[in-house]
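Data block below; observations after.
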Amino acid sequence: MHLTNLHTHSFYCDGKNSPKEMVLAAIDNNFNSLGISSHGPVNEETDWNIKYEKIEEYIETVNSLKEKYKDKIEIFLGMELDYIPGIGFTELCLSLMKRLDYYIGSVHYLGTFKNGVRWTVDYNIDELLRGINEGFQGNIRKAVETYYETISEMAEEFQPPIIGHLNLFNKNNKNNILFDEREDWYREAVKKCLNVIKNTSSVIEINTGGMARKYTEEQYPSTLILKMIRERNIPVIVNSDAHTTEDIAYKFNDMYKLAADIGFRHLVYLTKDGWEKQKINYCDENYI
Ligand SMILES: [Zn+2]
Ligand SMILES: [Zn+2]
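Residue numbers (this note's numbering): 382 to 669.
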C-alpha cells in the first residue's frame, strides 16, 4: 500500500514537534508520502492557529524538507483551513490555497458568544453548551444541523481536496449527552450533507485524532456515517490529525480493516497529478 497521512500538525500551530521531526517519523513508519497541514491563520489570536508572521517561514520550511528528503519520501505542503459560518474562508486563506499542494477544509467555529468571541464545537462541553445557549437558544438540534449545513456550503462552493473530521461535534457528545446519532433528524442532517459532498471532488478523511488524544472512542466520522459514505461512493483517505510524532500512524491498520469491513474497495492517496486509488491491505489482529 502507498502509506500516507495528509493531516499532521507541528509547532507552527498546536502540534508538539517540528515539521522535520514529523517527516523523520513518517520515514521511520515507511510512509511513501506525508502532508504537513498546520492550522491556517484566522483573524483572531488563538493558541492553535499559525501566526500571521510565521506563514512564510512555514512554507519555506516545508518546501525545503520536500527537497531534502525527496529520495526517501514525497512531502506535500498543506494547511487545515477554517471555514467560518457567515464568512467562509478568509481572503488570506483563499490566497494561501493557491500556494499549497492541497488543503483540508474544516469547520471548527460554529458561532459567536454574546460578547462577540467566536466559539468552536471541539473545545469543551461547557463552551459548546454556552455557545448553543447564546447562539441557538439552547437548541442542540439546530446547532448540529447548522454545523452540517456549513460543511455542505463549504463543499458546494469550494470542493476542498479533503473535508476534515466530518462529525467533529461528536468530540463533546460522550454518552450521547447532546444527541443520539441514530435519531432520524441527525441521520437526515448527515445525509443531506453527504448528498452534497458526493457531487464534488472532495475526499472525506477517516481521522483517528480524537482517539489518539483520548477524546473519543471512535474515529471521525463514526462507523454509522462511514457506512453512509460508502453507499454514496465518496472517496476516503485515512489520516491521524497527528499533533505529535507518536501519533503519525495512530490506529491506521485498524482503520484500513474497518474501511474494508464496511465495504470500501479503495482508499485514495495524493500524487502530484491528483488523487490515485489503491486497494486496501491490512494485517490481521495479531499484527502489532
Ligand atoms: Zn481540525
Ligand atoms: Zn487537525
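Glycine is no exception: its CB is placed at the ideal position from the N, C-alpha and C atoms.
Counting along the chain, leucine 509 sits inside the alpha helix (DSSP H) bounded by residues 506 to 517. Note that the C-beta distance between valine 525 and phenylalanine 494 is not below 7 Å.
Ranked by Cα distance from glycine 459, the options Leu651, Leu575, Ala570 are led by Leu651.
Counted as a single uninterrupted DSSP element, the stretch harbouring valine 404 is not any beta strand (DSSP E) but the alpha helix (DSSP H) occupying residues 400 to 409. The beta carbons of isoleucine 456 and leucine 481 sit about 12 Å from each other, so the pair does not count as a contact at 8 Å. A distance below 7 Å between beta-carbons, with the five flanking residues on each side excluded, links asparagine 548 to the following residues of its chain, in chain order: Tyr601, Pro602, Ser603, Ile606.
A residue is called buried once 16 or more other Cβ atoms fall within 10 Å of its Cβ, and lysine 552 is buried on that count. For tryptophan 656, the beta-bridge partners assigned by DSSP are Leu651.
Rounded to whole angstroms, asparagine 410 and alanine 630 show a C-alpha spacing of 8 Å. The closest CA to that of threonine 442, considering only Phe470, Ser621, Tyr393, is found on Tyr393. Under the DSSP assignment, aspartate 463 falls in the beta strand (DSSP E) whose first and last residues are 455 to 463. The DSSP-derived three-state label of threonine 501 is strand.
For asparagine 634, the enclosing alpha helix (DSSP H) begins and ends at 633 to 643. Taking the Cα positions, tryptophan 566 is about 13 Å away from glutamate 530. Excluding the 5 residues flanking it on each side, tyrosine 450 has same chain C-beta neighbours closer than 8 Å at Val404, Ile408, Ile456, in chain order. Listed by position in the chain, the residues whose beta carbon lies within less than 5 Å of some heavy atom of ligand 2 are Glu461, Asp622.
The Cβ atoms of histidine 388 and serine 418 lie closer than 7 Å to each other. With a cutoff of 7 Å on beta-carbon distance, serine 621 and threonine 597 are scored as not near each other. In summary, arginine 499 is buried, with 16 or more beta-carbon neighbours lying within 10 Å of its beta-carbon over all protein chains present.
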